[in-house]
Amino acid sequence: AHLRGPALQRLADLGMNDRLDDFPENLSGGERQRTAIARALAHEPVLVLADEPTGNLDGVNANLVTDLLWREVRAQGAAMLLATHNEAVAARADHVLRLGAVGA
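FYI, in our numbering the residues of the sequence shown are 26 to 129.
The following block contains the structure:
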């Protein structure tokens, strides 16, 4: 119950206000992904592990998710380990480790 307010705010930040009463099976894959991110951030974690958080999202929603992740991580003084193929997302990180082909 104490997470309802923070979760609702993060859902609003991700443009999900009109889907609050929908069941998960009625949400698209991208809407489910945004819901999961909002739910996770409502707990104010000290470490965020994000594996391709924008991989299945269109450009607008990818930007909303990226903005929310960085804003929340910085506001909470948290750390984030993020895997992405998106150069624009990687460019926002404080440190970037690029992985090459295995055996290369």
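All C-beta atoms in this analysis are idealised placements derived from N, C-alpha and C, irrespective of residue type, glycine included. Here the structure is a predicted model, which means the values were calculated and not measured.
According to DSSP, residue pairing for A104 in a beta bridge involves L72. Straight-line measurement puts the Cα of T60 at about 10 Å from the Cα of S53. By the C-beta density criterion, D38 is buried, having at least 16 other C-beta atoms within 10 angstroms. Just measuring C-alpha positions, the residue of A116, L124 and T91 sitting nearest Q58 is T91. Taking C-beta separations shorter than 8 Å and ignoring five residues to either side along the sequence, G125 has no partners in its chain. In this structure M105 is not in contact with L122, their Cβ atoms being roughly 13 Å apart against a cut-off of 8 Å. In the three-state reduction of the DSSP assignment, R123 falls in the coil class, being assigned neither a helical nor a strand state. Straight-line measurement puts the Cα of A116 at about 12 Å from the Cα of A108. Contact annotation: P31 and L66 have beta-carbon atoms nearer than 9 Å.
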